[in-house]
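For reference, the structure discussed in these notes is given below.
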Amino acid sequence: MSAQLIDPQEILERRILVIDDEEANVLLLRNILQREGYTDVHCLTQSSKALQSYIDLQPHLVLLDLMMPEVDGFQLLEAFSRHDAADEFRPVLVLTADTTIQARRKALSLGAKDFVAKPFDVIEVGLRISNLLETGLLYERLRTSNAAY
Amino acid sequence: MSKGSTRFWTDRPLAFKGLVVVALPLAVLLGALVSLYLASSAETRAEDDVRRAFAIQRDVYQIQALLAEAEAGVRGYALTREDRFLAPYHTAEEDLPATLARLDEAIEDETVRPRFVELLQVTQAKRDGLEATIALVQASDSFGQNRIETALTTNRLALDAVRQEIENIQELEGIVLDRRRALVDDVRTRFLTLTAVSALIGLLGSFAAVYLFSTGIVRRVSKLEGDAELLARGERLETPPEEADELGRLAQGLARASALLRKREDDLRASEERFRLVIEQVRDYGIFALDPQGIVTSWNLGAERIKGWRTEEILGEHFSKFYPADTRDFLPEEMLERARVEGTAEDEGWRERKDGTRFWANVVITALRAENGELQGFAKVTRDMSERRRSEEDLRLAREEAVAANLAKSEFLSRTSHELRTPLNAILGFGQLLEIDEEDFTQPHRDAIHQIAKAGRHLLALINDLLNISSIEAGAEEVDIEAVNIADLLEEVRDLVDPVVRAARLSFEIDLPPSGTIAQADKRRTTQVILNLVSNAAKYNSTGSFVRLGAQDSGENVTIFVEDDGPGVDPANRPRLFTAFDRLGQQKHSQNEGTGLGLALSKSLVESMGGDLGYAPLSPGARFSFTLSRTSASRNVEQAAE
Chain X
0 MSAQLIDPQE ILERRILVID DEEANVLLLR NILQREGYTD VHCLTQSSKA LQSYIDLQPH
60 LVLLDLMMPE VDGFQLLEAF SRHDAADEFR PVLVLTADTT IQARRKALSL GAKDFVAKPF
120 DVIEVGLRIS NLLETGLLYE RLRTSNAAY
Chain F
0 MSKGSTRFWT DRPLAFKGLV VVALPLAVLL GALVSLYLAS SAETRAEDDV RRAFAIQRDV
60 YQIQALLAEA EAGVRGYALT REDRFLAPYH TAEEDLPATL ARLDEAIEDE TVRPRFVELL
120 QVTQAKRDGL EATIALVQAS DSFGQNRIET ALTTNRLALD AVRQEIENIQ ELEGIVLDRR
180 RALVDDVRTR FLTLTAVSAL IGLLGSFAAV YLFSTGIVRR VSKLEGDAEL LARGERLETP
240 PEEADELGRL AQGLARASAL LRKREDDLRA SEERFRLVIE QVRDYGIFAL DPQGIVTSWN
300 LGAERIKGWR TEEILGEHFS KFYPADTRDF LPEEMLERAR VEGTAEDEGW RERKDGTRFW
360 ANVVITALRA ENGELQGFAK VTRDMSERRR SEEDLRLARE EAVAANLAKS EFLSRTSHEL
420 RTPLNAILGF GQLLEIDEED FTQPHRDAIH QIAKAGRHLL ALINDLLNIS SIEAGAEEVD
480 IEAVNIADLL EEVRDLVDPV VRAARLSFEI DLPPSGTIAQ ADKRRTTQVI LNLVSNAAKY
540 NSTGSFVRLG AQDSGENVTI FVEDDGPGVD PANRPRLFTA FDRLGQQKHS QNEGTGLGLA
600 LSKSLVESMG GDLGYAPLSP GARFSFTLSR TSASRNVEQA AE
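Chain order of the listed sequences is X and F.
Following numbering that gives the first Met the number 0, the numbering of the first sequence begins with 0 at its first residue and continues without gaps.
Following numbering that gives the first Met the number 0, the numbering of the second sequence begins with 0 at its first residue and continues without gaps.
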């Protein structure tokens, strides 16, 4: 049904921001995203620059690591939600090696839309990414059509 | 009054006494009245007697007069023969019977009575004589003059006899009259005397009543008044005599009250003395008194022990001496002020001993006030809390350390998890990508890629198990104990393990307990343990034909077991069965993958639920079993408290 609503090409053109301090993981994610066919992918290993990039790029999806030196993922989650307008839908997918229930609960309560434990399954992560982007697009359409009335 | 009669009198009730005091004069008065009445009626009777005597004399004279006139008339008739001279005779004949009858009734005196009988006879004789004379005169005409003369003479003689008798009677009646007159005088005298005596007795009776009232009531009431005053002053009362009336009982009541008060006073004094001695001897508390200005006025053994000053050294000193220099200027005054206003002031802080050393003290100051509210001083109780403060401090530190250690443990687990998984993510991720692209590679490369992926997954399993054990042992994960229906649980697990057992070409058998079998367990952990044990059995049963899962209700516990008919565990290896990373040489057999942590993890899981995991050999085969409590055991409570 969604295939009819949303053109797959439209999903692949969405802007994605990857934030992870581990070079190898960034590479892995870039690789996965390129293979899927995403065209607008931005990667970042320095979390201190993340908020600025977030503001500059206005990404449609953020892939976020939690445990990072300097500014960690929880702080970024808080900063993002402070920055965003209330009706903005800009989902964050948390990818973390911290599998404790406390980390999971905290991330979701701070506004993360999904949570995947590392090491993750490559195919599963690809599916979750496209799902979140599709939801974002549907949300935008709904908002536009509401505004038209 | 004699002693016995006094006693009798005082023992009567007040109502009786009142009755006696009122009735006695009344009775005396009544007696006097009765005697007066009797005296007056005696006088009346005596006067009646006198009057009767006079009447007798008069009647006697009348008889004489009537007879004399009758004779004179008869004489005249005899001389003249004229009937008119007979009138007096007829009058006499007519009146005499009545007069004589009156006399007969009136004369009672014994001496006069015979004379009266005589008088009756002579009177009758006279009347007969007169009648005969009249008859003679009527019969004789002129011839019988002599006989008439004779009759007349006889008549005169008879009249003389009558006269003589009357004189006799008169004389006797005179005597009677005199006697009676004397009696009247006598009665009158006695009456006067009696009246005087009655008045006197009445007066005496009143005096007696007043005396009785005084001895029986007034005097004793005023004594009671005095006793009550003594009682009010708190003085001891003398034991009163045993008197049975109300006043006596009141006096005894007062005496008892006095005795009771005295006993209470004595008891109080004794208890105060004991209390003082106790306070003096108390060693663990410094108890001492301050005057309103804060000067020490008493000191006990405990105070000496805690603060170091001896009684004679500290009496008269101001209590601010006990405070260290940094609080001495304000805290003592502040404490007294608080005690003055609020009644009591409590403080915990440093105090100084005589030798200058400090101790941690708990101090309570209580204001002592008289009944009128006037401040009399303060009582101060000091306790040396140094020991307790130290142990509290130790306890707090230990607790903080434990909390920090726990936090550190959790932090360590979280960090380790992250540190180990992060590199694995890249390895496994790229490995997976390479596997997806494997057609691009030659066979040797493909093998290498598979080896990398396989080794990576093994490493991940290892890390997961290890972190699992650690987090269970650290208590980092919550144990969710609830009542679990074991039959239902085994049914659910069957669907998970059946494929595993079949994959190992073995048959899966299940031995369900009665459907209502309940155990206290964490459902997820129990499932994990069963999965582990069944996987192991399937993995290592290379020679047998089945794996059996079952549960038994053994009273207090439910036992869940997994059996197989494989080679079992080599007896030499049994001690190391539950040791982590020990694969008991299985690593040589490449077909049996494993981390060597499965049984160690299962054991930790079972123990976290308060159960026990054990092994028993079968012939052939192996039996692993673990117990779960049927009732909420104390272990659960302990865990909840942690």
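Glycine included, C-beta positions come from ideal geometry on N, C-alpha and C.
Rounded Cβ spacing between residue i and residue j (contact assumed at less than 8 Å)
i        : j        : result
F/Gly428 : X/Leu27  : 4 Å
F/Tyr88  : F/Val73  : 6 Å
F/Ala243 : F/Val20  : 18 Å between Cβ atoms; not a contact.
F/Thr296 : F/Leu314 : 7 Å
F/Arg524 : F/Ser607 : 7 Å
F/Leu35  : F/Thr194 : 6 Å
F/Arg282 : F/Gly301 : 5 Å
F/Ala91  : F/Glu68  : 7 Å
F/Leu617 : F/Glu562 : 6 Å
Own chain residues within Cβ distance below 7 Å of residue i, not counting five before or after
i        : result
F/Val528 : Ser601, Leu604, Val605, Phe625
F/Leu489 : Ile509, Leu511, Leu548, Ala550
F/Asp383 : Ile305, Phe358, Ala360
F/Arg697 : Outside the shown range of chain F (0 to 641) lies residue 697 of chain F, about which nothing can therefore be said.
F/His588 : Any reading at F/His588 must be qualified, since the residue scores a pLDDT of 49, below 50, and its modelled position is unreliable; the value itself is stated next. For F/His588, where only same-chain residues beyond five positions count, there are no Cβ hits under 7 Å.
X/Leu32  : Ile15, Val40
F/Gln137 : none
F/Trp349 : Pro323, Arg357, Trp359
Contact under 7 Å by Cβ, residue i with residue j
i        : j        : result
F/Ser506 : F/Phe545 : yes
F/Leu596 : F/Asp464 : yes
X/Ala116 : X/Thr99  : no
X/Val25  : X/Cys42  : yes
F/Gly128 : F/Ala105 : no
F/Val196 : F/Glu46  : no
X/Met66  : F/His417 : yes
X/Ala106 : X/Val93  : yes
F/Gly215 : F/Lys16  : yes
X/Phe73  : X/Leu109 : yes
F/Glu70  : F/Asn154 : yes
F/Ala338 : F/Phe377 : yes
F/Gln56  : F/Glu172 : yes
F/Arg573 : X/Pro118 : no
F/Thr526 : F/Val492 : yes
F/Thr122 : F/Val161 : yes
X/Gly135 : X/Phe88  : yes
F/Gly567 : F/Ala621 : yes
F/Ala460 : F/Glu434 : no
F/Val363 : F/Val380 : yes
F/Gly285 : F/His317 : no
F/Leu236 : F/Ser221 : no
X/Gln46  : X/Glu69  : Reading off the sequence shown, one finds Ser at residue 46 of chain X, where the question assumed Gln. It is a contact, given that the beta carbons lie within the stated cut-off.
F/Asp58  : F/Thr98  : yes
X/Leu56  : X/Ile18  : no
F/Leu176 : F/Ala52  : yes
Own chain partners of residue i with C-beta closer than 8 Å, once the 5 adjacent residues on each side are dropped
i        : result
X/Glu11  : One detail in the question is off: residue 11 of chain X reads as Leu in this sequence, not Glu. Hits under 8 Å: Glu35, Gly36, Tyr37, Thr38.
F/Ser139 : Arg146, Ile147
F/Leu203 : Val27
F/Ala369 : Gln375
X/Ala84  : none
F/Gly30  : Ser197, Ile200
Partners in chain F for residue i, counting only beta-carbon separations shorter than 9 Å
i       : result
X/Leu27 : Asn424, Ala425, Gly428, Phe429, Leu432
X/Glu21 : Thr421, Pro422, Asn424, Ala425
Beta-carbon proximity list for residue i, same chain, < 6 Å, skipping 5 on both sides
i        : result
F/Leu627 : Ala518, Ala520, Val557, Gly610
F/Glu347 : Asn361
F/Glu264 : none
F/Asp552 : Pro512, Thr516
Proximal chain F residues relative to residue i, where beta-carbon distance stays under 7 Å
i       : result
X/Asp97 : Ser413, Ser416, His417
Partners in chain F for residue i, counting only beta-carbon separations shorter than 8 Å
i       : result
X/Asn24 : Thr421, Asn424, Ala425, Gly428
Legend entry - Residues from the stretch 407-422 of chain F in contact with chain X, defined by Cβ distance under 9 Å: Ser409, Leu412, Ser413, Arg414, Ser416, His417, Glu418, Leu419, Arg420, Thr421, Pro422
Inset, instruction - Anything in the stretch 428-439 of chain F with a Cβ closer than 8 Å to a Cβ of chain X? List those residues in chain order, please. - result: Gly428, Phe429, Gln431, Leu432, Ile435
Inset, instruction - Closer than 7 Å, Cβ to Cβ, to anything on chain F: give me those residues from the stretch 58-83 of chain X, in chain order. - result: Met66
Inset, instruction - With 9 Å as the C-beta to C-beta threshold (strictly closer), list the residues of the stretch 31-51 of chain X near chain F in chain order. - result: Ile31, Arg34
Inset, instruction - Taking only beta carbons into account, state which residues of the stretch 99-124 of chain X come closer than 9 Å to chain F, listed in chain order. - result: Thr99, Ile100, Gln101, Ala102, Ala116, Lys117, Pro118, Phe119, Asp120, Val121, Ile122, Val124
Inset, instruction - Note down, in chain order, all residues in the stretch 440-470 of chain F with a beta-carbon under 7 Å from any beta-carbon belonging to chain X. - result: Leu459
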